[in-house]
Structure formats: C-alpha cells, structure tokens
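What follows is the structure in structure tokens.
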C-alpha cells in the first residue's frame, strides 16, 4: 500500500539520521523521531499504516502498571513519605525519590530482582529511561562510616557484578556517611545524565 510505503520511508530516513549521529559520536532518541514520522502522516493516513513503535506515554504506562510485592521487606524502617506516595527509609532516599518525581522520571521503590525465582537483590530504586527503554538500578549507600554497613555494601556491589551489572551501564551508586552528606546538586546531575531528555535534531 502506498501510504504504508510512505510511512516506511519516513522511518528509514529517521534511522539513517540516527546512524549519522552515532557516527559523529552523538545520539538522539530514535523513538521520538519515529513518533514524529507517524504524526506527520496526518489523521487520515494514520488509519492506514501500522505504527512501528509504542509511544513513550504508552510504554511508561505499561511499565508503571507492572505490579509487585515487597513482601513487607523491612517495612518497619520506612518512615518518610515521598511525593509519589510510597514510604522510604531515609531523608536521602526521600530527596532522590522526590527529585525523580518532580522531573517526571518513572521509578519503582524496592522492586526485587530475581534469578531463577529467587530474590537476589532489592535495589533502592528501579528507574526507567523512557526514551532508551532501559532500566537502571539505583542504590544509595548512606552509612558508609559504619564498618559493618560498608562490608555489606561491598558484598552487594559484588552481587551486582556477578550478575554482570556495572556502574554506568545498569547500576548507579551514590554514597554518604556522617562526615560526607548527600550532595543535592550531584543527585540532580545524575538524573539529568541518565534520564534527561537527549538532543534531537530537526528531521522535518
């Protein structure tokens, strides 16, 4: 069908632009340009094409709809209520949660990770980069001045490594102690770096 072919050509153009920008060391959100290709078809033609994407809004809604149970995981220690409505354990986690919420970055608090049906980690935050369709696991280690806590922190990091998850790729680590408190500006920088909107060229 000619209308579908027209749409497919727009998708091909978007993919070629993505490739050029990758060669130049830059990246933009291809899904966004796919959406633009669909939107540019107009309401009448849209009825005759099969879209090649799920919109960011649809993807985010489906991701947030996934239910899970924390099985009462250390529920007695959850004393701070976030703007999203869940309870967290520390003021630092509250700062992270509220910063994500205010920037409209979808996240889950203490969503368990499983391997062969067994829970092997419960990250503080599972955060979604909607544009890249990628999850990151954000662990905040807030008592690094405590030797036992520091040892357990290292064990947890090793556990991530055993599952082939490393800083910058799948996991984000932030640290603090009584002497070195959380830096709000650093939290903002992390959010912008991993979950902020990427540059998108004009494909019209």
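In my numbering, the protein residues as written are 60 to 263. Where a beta carbon is used, it is the ideal one built from N, C-alpha and C, also for glycine.
DSSP-derived helix/strand/coil call for residue 141
If DSSP states are grouped into helix, strand and coil, residue 141 belongs with coil.
My assumption, with CB atoms under 8 Å, is that residue 164 sits in contact with residue 254. Please give the rounded CB distance.
At roughly 5 Å, the Cβ-Cβ gap stays under 8 Å, so residue 164 and residue 254 are in contact.
In whole angstroms, what is the alpha-carbon distance linking residue 77 and residue 172?
Distance between the alpha carbons of residue 77 and residue 172: 33 Å.
Quick check on DSSP: helix, strand or coil for residue 160?
In this structure, DSSP gives residue 160 a helical state, which the three-state scheme calls helix.
In three-state terms, what does DSSP make of residue 174?
Secondary structure of residue 174 (DSSP, three-state): strand.
Endpoints, the beta strand (DSSP E) within which residue 193 is located
Looking at the DSSP string, the run of the beta strand (DSSP E) that includes residue 193 is 193-200.
Neighbour-count burial assignment, residue 243, 16 or more Cβ in a 10 Å radius:
In the assembly as shown, residue 243 is an exposed residue. Its beta-carbon has fewer than 16 other beta-carbons within 10 Å.
Secondary structure at residue 107, three-state DSSP: helix, strand or coil?
DSSP places residue 107 in coil when its eight states are reduced to three.
Please go through the same chain and pick out, in chain order, the residues whose beta-carbon is closer than 6 Å to the beta-carbon of residue 142, but skip the five residues on each side of it.
157, 160, listed in sequence order.
Are residue 146 and residue 138 close, meaning C-beta to C-beta below 8 Å?
It is a contact, given that the beta carbons lie within the stated cut-off.
Start and end residues, alpha helix (DSSP H) containing residue 211:
From DSSP, the alpha helix (DSSP H) with residue 211 extends over 206-221.
Could you check what DSSP says for residue 76 in three-state terms: helix, strand or coil?
It is helical.
Classify residue 254 as helix, strand or coil using the three-state DSSP reduction.
The answer is helix: DSSP assigns residue 254 an H, G or I state.
Roughly how many angstroms separate the alpha carbons of residue 183 and residue 201, rounded to a whole number?
When rounded, the distance between both Cα atoms is 11 Å.
Beta-carbon within less than 6 Å of residue 219's beta-carbon, same chain only, minus the 5 sequence neighbours each way: which residues are those?
230, listed in sequence order.
In or out: residue 121 buried (at least 16 other Cβ within 10 Å) or exposed?
If you draw a 10 Å sphere on the C-beta of residue 121, you find fewer than 16 other C-beta atoms in it, and that means exposed.
Over the uninterrupted beta strand (DSSP E) stretch that includes residue 167, give me the two end residues.
Segment 166-168, the beta strand (DSSP E) holding residue 167.
Taking C-alpha atoms, which residue in 217, 79, 108 lies nearest to residue 68?
Of the listed residues, the one whose Cα sits closest to residue 68 is 108.
What residue from 223, 245, 208 has the CA that sits closest to residue 237's CA?
Per the Cα distances, 208.
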